[in-house]
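>
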Amino acid sequence: MNPATLIILSLLLVLWPIQPTPSHAFDSIFSFGDSYIDTGNINLLGKKFSDPPYSDNSPYGQTFFHRPSGRYSDGRLIVDFLAEEFGLPYLKPYLGKKGSFRQGANFAVDGATALDPTFFKQHNLTVTSSSLSTTISSQLQ
Numbered sequence: 146m147n148p149a150t151l152i153i154l155s156l157l158l159v160l161w162p163i164q165p166t167p168s169h170a171f172d173s174i175f176s177f178g179d180s181y182i183d184t185g186n187i188n189l190l191g192k193k194f195s196d197p198p199y200s201d202n203s204p205y206g207q208t209f210f211h212r213p214s215g216r217y218s219d220g221r222l223i224v225d226f227l228a229e230e231f232g233l234p235y236l237k238p239y240l241g242k243k244g245s246f247r248q249g250a251n252f253a254v255d256g257a258t259a260l261d262p263t264f265f266k267q268h269n270l271t272v273t274s275s276s277l278s279t280t281i282s283s284q285l286q
């Protein structure tokens, strides 16, 4: 799916009127993906994957959180709006979480891809971020 389509679908999801749901219809969110929903995992991976971890610096987070939030956004992400709608707390990055996952976890990592790095090599595509080697399969391990 190309980036323009993904952005349009994301906007539709946010702007589409959501019907009221019964209280506690959902009690957790488990999130997988890339920078569109990464709540800070890339920063917790260290310099190996992001040098420097830009989402851990200003201006990211200034508008809503009033501090760097680990999100590649000046405010909230789509997953944050979903959490608000269902009365759940904002998802913490999986790598920084301790304790229970009763209300979910965020496994998203900036630059992650569903494709293995060999796909890019076979098609003579240049990998611009070392975190592109963080595939969905490696997120699930």
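In the numbering used here, the protein residues as written are 146 to 286. From the three backbone atoms N, C-alpha and C, an ideal C-beta is built for every residue, glycine too.
Give me, in chain order, the residues of the same chain whose beta-carbon lies closer than 6 Å to that of Tyr235; leave out the 5 immediate sequence neighbours on both sides.
Excluding positions up to five away in sequence, the list reads Asp225, Ala228.
> Going along the chain, which residues of its own chain have a beta-carbon closer than 8 Å to the beta-carbon of Lys242, five neighbours each way excluded?
The answer, listed in chain order, is Ala250.
> Keeping to the same chain, check which residues put their C-beta closer than 7 Å to that of Ser108; ignore five residues upstream and five downstream.
Any answer about residue 108 is impossible in this case: the structure gives the chain only from 146 up to 286.
> Could you give the C-beta distance for Gly206 and Arg212, rounded to a whole number, given that I count them as a contact under 8 Å?
Contact holds; Cβ gap of about 6 Å.
> Helix, strand or coil for Ala291, going by three-state DSSP, please let me know.
Only positions 146 to 286 of the chain appear in the structure, and residue 291 is not among them; the question remains open.
> Would you mind reading off the limits of the beta strand (DSSP E) that contains Ser176?
Unbroken beta strand (DSSP E) run through Ser176: 174-176.
> Tell me whether Asn188 is buried or exposed, calling it buried when 16 or more other Cβ atoms sit within 10 Å of its Cβ.
Classification for Asn188: buried.
> Can you check which of these residues, Phe264, Asn202, Ala170, is closest to Gly232 by C-alpha distance?
Among Phe264, Asn202, Ala170, the Cα nearest to that of Gly232 belongs to Ala170.
> Out of Ser245, Leu260, Gln267, which has the shortest C-alpha to C-alpha gap to Gly178?
Nearest of Ser245, Leu260, Gln267 to Gly178, Cα basis: Leu260.
> Do Ala253 and Ser155 have their C-beta atoms closer together than 8 Å?
No, the Cβ-Cβ distance between Ala253 and Ser155 is not below 8 Å.
> Consult DSSP for Pro148 and reduce its assignment to one of helix, strand or coil.
Residue state, collapsed to three classes: helix.
> Kindly indicate which residue of Phe246, Pro262, Thr271, Asn269 has the alpha-carbon position closest to the one of Ser135.
The chain is shown only over 146 to 286; residue 135 falls outside these bounds and no answer can be derived.
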